[in-house]
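Student: For the sequence shown, our numbering assigns the number 95 to the initial residue and increments by one for each residue that follows.
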Amino acid sequence: MSKQVKRNANTGQFVISRRAAIQFNAVEGIQVSVRARKLMTEADAHGESGEQRRARIRAEFSRKS
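1) With DSSP as the reference, identify every bridge partner of F108, one or two as the case may be.
2) In its own chain, which residues sit with a C-beta less than 6 Å from the C-beta of R147, not counting the 5 before and 5 after it?
3) Give the secondary structure of V121 by DSSP, where H, G and I count as helix, E and B as strand, and everything else as coil.
4) Can you tell which of I124, M134, V121, Q117 has its C-alpha closest to the C-alpha of E154?
5) Pick helix, strand or coil for E70, following the three-state DSSP scheme.
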């Protein structure tokens, strides 16, 4: 049985699970910082959608003048 590849209906971009993303990062040698992991945990606790989670991360890591 083969795995199905999912795509976003609006953009056509591939959609992968968080678990798959962690596995990709491990192969590439990329690690999520403690600060970013804390943000994602807080977003999960608040039940935020993916877009809300990305906005939270952008706000935290964007340069402040």
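Ideal Cβ placement from N, Cα and C applies to all residues, glycine included.
Tutor: So, from the listed chains and residues:
1) Answer is R101, bridged to F108.
2) Excluding positions up to five away in sequence, the list reads A137.
3) Helix at V121.
4) Comparing Cα positions, the closest option is M134.
5) Given a span of 95 to 159 for the chain in the structure shown, any question on residue 70 remains unanswerable.
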